[in-house]
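Visitor: Questions regarding the structure given below will be posed in turn.
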DNA sequence: CTTTTTTCTTGATCTGCTTCATTTTTACTG
DNA sequence: CAGTAAAAATGAAGCAGATCAAGAAAAAAG
């Protein structure tokens with residue numbers, strides 16, 4: 001069952017008794033999402049935090065007709081419009097499935113109950129947020145320090161498994177460049193190799 | 001006393017009894033820092049998380065001789081090299097005082113004890129991390145979507161009180177542009193107004 | 001104050017990356 | 001598996017923002 005996967009993930013951060021595990025998993029519901037289906041859209045409040053059991057997602061904003069990717073998520077990552085979710089404000093992002101996917105999602109109110117009910121659950125979400133924040137700090141600094149080409153190389157190095165599953169235009173917009181420019185970088189690289 | 005300021009801040013997120021407040025504040029120590037003094041340097045592990053009681057700080061990386069600012073912090077903000085602090089790895093950032101400042105700092109191990117000792121303290125640090133993460137998400141998306149000029153305008157709008165306390169070259173490097181270009185933006189704007 | 005250092009400004013030139021337009025390739029869909 | 005839609009590649013031209021060099025202003029130090 002897919003909840004086993006979630007619990008294995010959670011237990012890699014906090015130890016849980018079997019009762020606690022059951023209590024933690026209970027409010028999560030499994031959702032199947034088809035490729036190209038949206039799970040979050042601007043102006044609608046993101047009511048769930050979702051754990052990716054299988055598949056891939058992308059969250060992005062649209063500005064002046066251009067898409068700008070905030071995040072990708074594959075197995076064992078979380079997705080949502082985080083600002084919308086934690087403040088329960090209308091979303092500004094789209095979150096879309098890049099493949100047919102399976103999620104385990106929890107409602108905002110249920111998550112609050114979990115955190116209140118057990119110190120360990122609170123700890124788990126604290127760790128998730130801290131890791132996320134540390135990750136984004138690294139990303140921001142790297143983006144400030146490096147060229148488009150270096151950002152692409154760095155992505156390949158750190159997320160080789162994302163490369164094949166993420167469309168190139170989406171990756172370009174995640175890395176802060178146009179899809180044309182990323183194409184040129186890849187082309188240049190391919191020619192260097194031969 | 002400066003701990004009253006910290007506790008007022010903490011209590012704006014979680015309710016604390018007087019005993020709890022005392023317990024929370026106990027491991028923090030007050031540190032006075034002179035302008036231009038560093039509290040974090042690359043290769044040294046950041047042993048403390050620091051709450052700014054008075055003054056201003058900047059965290060930044062140096063790459064190819066260029067400085068790139070990750071964060072500013074004034075009264076009631078926290079500073080550290082967050083990656084270094086939470087993972088207790090060597091830092092990659094500098095953190096420097098922009099003014100003569102007063103900090104309340106807590107050691108990493110002491111923070112772990114606090115979080116273990118009281119569910120509310122854990123909740124507090126969870127909220128800090130979540131707010132921080134949400135903030136950086138907004139920043140990343142905004143940076144991806146907007147021009148240098150728009151990023152500057154947005155900063156003025158959101159952090160008017162930082163403008164007078166932060167040197168322009170540091171702001172430029174926070175916003176991902178050169179100090180020369182920021183100067184031109186400001187100049188252009190000034191001329192538009194007359 | 002006066003000197004020195006740091007920060008900010010301004011101009012000239014250059015380039016990394018974008019934009020636009022078109023073609024080729026790949027992936028879906030009936 | 002044919003037809004259509006989506007994604008990626010390629011070329012030419014343009015521009016936002018960088019770089020370099022020098023001077024002006026402001027702040028810190030003596």
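Protein chains in written order, with my numbering: chain A, 1 to 194; chain B, 1 to 194. Heads up, the beta-carbon is just placed ideally off N, CA and C, and yes, glycines get one too.
Quick one: give me the first and last residue of the beta strand (DSSP E) that residue 68 (chain A) is part of.
Guide: Here residue 68 (chain A) refers to the residue found at position 68 of the first chain. Its beta strand (DSSP E) spans residues 66-73.
Visitor: What do you reckon, is the C-beta of residue 186 (chain A) under 7 Å from a heavy atom of the ligand SAH?
Guide: Ligands displayed in this structure: none; no statement on the ligand SAH is therefore possible.
Visitor: For residue 64 (chain B), count neighbouring Cβ atoms within 10 angstroms of its own Cβ and tell me buried if that reaches 16, exposed if not.
Guide: For the purposes of this step, residue 64 (chain B) is taken as residue 64 along the second chain, with counting starting at 1. So residue 64 (chain B) ends up on the exposed side.
Visitor: If the criterion is Cβ atoms closer than 8 Å, does the pair residue 91 (chain B) and residue 147 (chain B) meet it?
Guide: Translated into positions along the second chain, residue 91 (chain B) becomes position 91. Translated into positions along the second chain, residue 147 (chain B) becomes position 147. Against a cut-off of 8 Å, the Cβ pair of residue 147 (chain B) and residue 91 (chain B) comes out as no contact.
Visitor: Could you please give the first and the last residue of the uninterrupted alpha helix (DSSP H) stretch that includes residue 108 (chain B)?
Guide: Position 108 of the second chain, counted from the start, is the residue given in the question as residue 108 (chain B). Element bounds for residue 108 (chain B): 108-117.
Visitor: Could you check whether the Cβ of residue 126 (chain A) sits closer than 8 Å to any Cβ belonging to chain B?
Guide: Here the question's residue 126 (chain A) lines up with position 126 in the first chain. Chain B contact via Cβ: present.
Visitor: How about residue 65 (chain B): is its C-beta nearer than 8 Å to some C-beta of chain A?
Guide: By one-based count along the second chain, residue 65 (chain B) stands at place 65. Closer than 8 Å: no.
Visitor: Kindly confirm or deny that the region 37-54 of chain A and the region 100-116 of chain A touch, where touching means at least three C-beta pairs closer than 8 Å.
Guide: Two segments are said to touch when three or more pairs of C-beta atoms, one from each, lie closer than 8 Å; by this definition the region 37-54 of chain A touches the region 100-116 of chain A.
Visitor: At the level of alpha carbons, what is the spacing between residue 36 (chain B) and residue 97 (chain B)?
Guide: By 1-based counting over the second chain, the position of residue 36 (chain B) is 36. By 1-based counting over the second chain, the position of residue 97 (chain B) is 97. Each residue's alpha carbon lies about 5 Å from the other.
Visitor: Please return the same chain residues whose Cβ sits closer than 7 Å to the Cβ of residue 163 (chain A), not counting the five positions on each side in sequence.
Guide: One-based indexing of the first chain puts residue 163 (chain A) at position 163. Counting only Cβ-Cβ distances below 7 Å, and skipping sequence neighbours, we find 156.
Visitor: So the beta strand (DSSP E) residue 97 (chain A) belongs to, where does it begin and stop?
Guide: The residue you call residue 97 (chain A) lines up with position 97 of the first chain. Segment 94-97, the beta strand (DSSP E) holding residue 97 (chain A).
Visitor: For residue 55 (chain B), which residues in chain A fall below 7 Å Cβ to Cβ?
Guide: As a working mapping, residue 55 (chain B) is identified with position 55 in the second chain. Simply none; closest approach about 22 Å.
Visitor: Are the region 116-124 of chain B and the region 114-127 of chain A touching by the rule of at least three beta carbon pairs closer than 8 Å?
Guide: They touch, by the three-pair rule.
Visitor: For residue 1 (chain B), does the count of other Cβ atoms within 10 angstroms reach 16, so buried, or fall short, so exposed?
Guide: Numbered from its first residue, the second chain carries residue 1 (chain B) at position 1. Exposed, because fewer than 16 other Cβ atoms sit within 10 Å of the Cβ of residue 1 (chain B).
Visitor: In its own chain, which residues sit with a C-beta less than 7 Å from the C-beta of residue 178 (chain B), not counting the 5 before and 5 after it?
Guide: Position 178 of the second chain, counting from 1, holds the residue named residue 178 (chain B). These residues qualify, in order along the chain: 172.
Visitor: Kindly give me the distance between the Cβ atoms of residue 134 (chain B) and residue 86 (chain A), rounded to whole angstroms, as I take these residues to be in contact under 8 Å.
Guide: Stepping through the second chain from its first residue, residue 134 (chain B) is reached at position 134. Stepping through the first chain from its first residue, residue 86 (chain A) is reached at position 86. Indeed, because the Cβ distance is near 6 Å, the residues count as touching under 8 Å.
Visitor: Name, please, each residue of chain A whose Cβ falls closer than 7 Å to the Cβ of residue 86 (chain B).
Guide: In the second chain, residue 86 (chain B) corresponds to position 86, counting from 1. Neighbours of residue 86 (chain B) in chain A, taken as residues at a C-beta separation under 7 Å, are given in chain order as 130 and 134.
Visitor: Looking only at its own chain, which residues have a Cβ that is under 7 Å from the Cβ of residue 143 (chain B), when we skip the five neighbours before and after it?
Guide: Here the question's residue 143 (chain B) lines up with position 143 in the second chain. Closer than 7 Å at Cβ, skipping near neighbours: 151 and 176.
Visitor: Since residue 114 (chain B) and residue 24 (chain B) should fall inside the 8 Å C-beta cutoff, what is the C-beta to C-beta distance between them, to a whole number of angstroms?
Guide: Here the question's residue 114 (chain B) lines up with position 114 in the second chain. Here the question's residue 24 (chain B) lines up with position 24 in the second chain. That belief holds up - the Cβ atoms of residue 114 (chain B) and residue 24 (chain B) are roughly 6 Å apart, short of 8 Å.
Visitor: Starting from the beta carbon of residue 50 (chain A), find every residue of chain B whose beta carbon is closer than 7 Å, and list them in chain order.
Guide: Indexing the first chain from 1 puts residue 50 (chain A) at position 50. Ordered by position in chain B, no residue passes the 7 Å Cβ test against residue 50 (chain A), which lies about 16 Å from the chain.
Visitor: What distance in whole Å lies between the Cβ atoms of residue 81 (chain A) and residue 59 (chain A), which are believed to be in contact at a cut-off of 8 Å?
Guide: Here residue 59 (chain A) corresponds to residue number 59 of the first chain, with the count starting at 1. Here residue 81 (chain A) corresponds to residue number 81 of the first chain, with the count starting at 1. With a Cβ gap of about 6 Å, residue 59 (chain A) and residue 81 (chain A) count as contacting.
Visitor: In the DSSP output, what is residue 105 (chain A) paired with across the bridge?
Guide: Translated into positions along the first chain, residue 105 (chain A) becomes position 105. Bridge partners of residue 105 (chain A): A:29 and A:50.
Visitor: Terminal residues of the continuous alpha helix (DSSP H) containing residue 10 (chain A)?
Guide: To locate residue 10 (chain A), count along the first chain from 1; it is residue 10. Per DSSP, residue 10 (chain A) belongs to the alpha helix (DSSP H) from 2-11.
Visitor: Do we get a CB-CB distance below 8 Å when we pair residue 138 (chain A) with the residues of chain B?
Guide: Position 138 of the first chain holds residue 138 (chain A). Chain B contact via Cβ: present.
Visitor: Which two residues bound the contiguous beta strand (DSSP E) that contains residue 148 (chain B)?
Guide: Here residue 148 (chain B) is taken as the residue at index 148 of the second chain, counted from 1. Looking at the DSSP string, residue 148 (chain B) is not in any beta strand (DSSP E); the run it does join, the alpha helix (DSSP H), is 148-158.
Visitor: Examine chain B for any beta-carbon lying closer than 8 Å to the beta-carbon of residue 76 (chain A), and answer yes or no.
Guide: The residue you call residue 76 (chain A) lines up with position 76 of the first chain. So, not an interface residue.
Visitor: So which residues of chain A does residue 122 (chain B) contact, with C-beta pairs closer than 7 Å?
Guide: Numbered from its first residue, the second chain carries residue 122 (chain B) at position 122. Near residue 122 (chain B) (Cβ distances below 7 Å), the residues of chain A are 119, 122, 123 and 126.
Visitor: Compute the Euclidean distance between the alpha carbons of residue 27 (chain A) and residue 110 (chain A), then round it to the nearest angstrom.
Guide: The residue you call residue 27 (chain A) lines up with position 27 of the first chain. The residue you call residue 110 (chain A) lines up with position 110 of the first chain. Spanning the two alpha carbons is a distance of roughly 7 Å.
Visitor: Shortest alpha-carbon distance to residue 132 (chain B) belongs to which of B:88, B:71 and B:161?
Guide: Within the second chain, the letter at position 132 stands for residue 132 (chain B). Checking every option, the nearest Cα to that of residue 132 (chain B) belongs to B:71.
Visitor: DSSP on residue 172 (chain B), reduced to helix/strand/coil?
Guide: For this step, residue 172 (chain B) is matched to residue 172 along the second chain. Reduced to three states, the DSSP call for residue 172 (chain B) is helix.
Visitor: Leaving out five residues before and five after residue 34 (chain A) in sequence, what residues of the same chain have Cβ atoms less than 6 Å from its Cβ?
Guide: Here residue 34 (chain A) is taken as the residue at index 34 of the first chain, counted from 1. Taken in chain order, the residues that qualify are 100.
Visitor: Do residue 68 (chain B) and residue 141 (chain A) count as a contact pair if the criterion is CB distance below 8 Å?
Guide: Position 141 of the first chain holds residue 141 (chain A). Position 68 of the second chain holds residue 68 (chain B). Yes, they are a contact pair.
Visitor: Using DSSP bridges, identify the partner residues of residue 78 (chain B).
Guide: For this step, residue 78 (chain B) is matched to residue 78 along the second chain. Looking at the DSSP assignment, residue 78 (chain B) forms a beta bridge with B:51.
Visitor: If you measure between the beta carbons of residue 139 (chain B) and residue 83 (chain A), is that distance less than 8 Å?
Guide: Along the second chain, read from residue 1 onward, the residue named residue 139 (chain B) stands at position 139. Along the first chain, read from residue 1 onward, the residue named residue 83 (chain A) stands at position 83. Against a cut-off of 8 Å, the Cβ pair of residue 83 (chain A) and residue 139 (chain B) comes out as no contact.
Visitor: Within the continuous beta strand (DSSP E) that includes residue 165 (chain B), where are the two ends?
Guide: Here residue 165 (chain B) refers to the residue found at position 165 of the second chain. Element bounds for residue 165 (chain B): n/a, residue is neither H nor E.
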